[in-house]
Structure formats: structure tokens, C-alpha cells
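Everything in the sequence shown is counted per the working numbering, starting at 178 for the first residue and increasing by one.
For every residue, glycine included, the Cβ atom is placed at its ideal position computed from N, Cα and C.
Quantities reported herein were computed from a predicted structural model and do not represent experimental measurements.
Read through the structure below, which is laid out as C-alpha cells, and then see the notes.
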Amino acid sequence: EIERDLSGKSSIYWLWPFKNYSTFCPYLVGSYEEVSDELMKYIRAGFTNYILDIPAEERDLQSVGIVFQMAEKQARVKVNVANT
Numbered sequence: 178e179i180e181r182d183l184s185g186k187s188s189i190y191w192l193w194p195f196k197n198y199s200t201f202c203p204y205l206v207g208s209y210e211e212v213s214d215e216l217m218k219y220i221r222a223g224f225t226n227y228i229l230d231i232p233a234e235e236r237d238l239q240s241v242g243i244v245f246q247m248a249e250k251q252a253r254v255k256v257n258v259a260n261t
């Protein structure tokens, strides 16, 4: 199940709202580093569009911006290291 990784640990994918018909997508929940690491995988895979839920408050939207900036920076660094 996506909520647990192969070691049995909880994942950053929070599916409760999805499973209970509150939303149509999983939420990524974790530290900025954990979430940006996961987003970086999508960026490196070529995804350029992301659907976000309506933020509950302005701080949530600011957090999204921080995480995406971190993920984009990580994706560039990892690509540059791989190309050297």
C-alpha cells in the first residue's frame, strides 16, 4: 500500500481524505525535506503540472512554494552531478 514503504514505515502519502471521499488525490505530508525529496522525483521524471488542493490558510500556500523551490533546486543539483 502506498501509505507504507517497503520497510513498513509510514509514508509521506496521506490517503485518509482520499479514502473517505473528501478529495480526489493523496496529500504529501512530512517535513519540507521529505516532501521536497518526493516532489523532486516527479520533477526529474518530467512532470511540469501539479494539482493542489485549496490551501486552508496563507501559510499553507507559502509552505507549498518553499517545498517546490527546494525540489526544483534538488532536481537541478542531482542532474548536474549525474552529468559530470
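Quick check: what's the CA-CA separation for Y269 versus S188?
Past the edges of the chain, shown from 178 to 261, lies residue 269, and the structure says nothing about it.
For the alpha helix (DSSP H) containing D214, list its first residue and its last residue.
Y209 to R221
Among K250, E235, S240 and I231, whose alpha-carbon lies nearest the alpha-carbon of Y209?
S240
Residue(s) in a DSSP beta bridge with I205:
The residue asked about is misnamed: residue 205 is Leu in this sequence, not Ile. Looking at the DSSP assignment, L205 forms a beta bridge with Y190.
What separation, rounded to the nearest whole angstrom, lies between the Cα atoms of V254 and M247?
11 Å
Assigned exposure category for L216 - 16 Cβ within 10 Å defines buried
buried
What three-state label does DSSP hand F245 in the structure shown?
helix
Once DSSP output is grouped into helix, strand and coil, what is the label at E235?
helix
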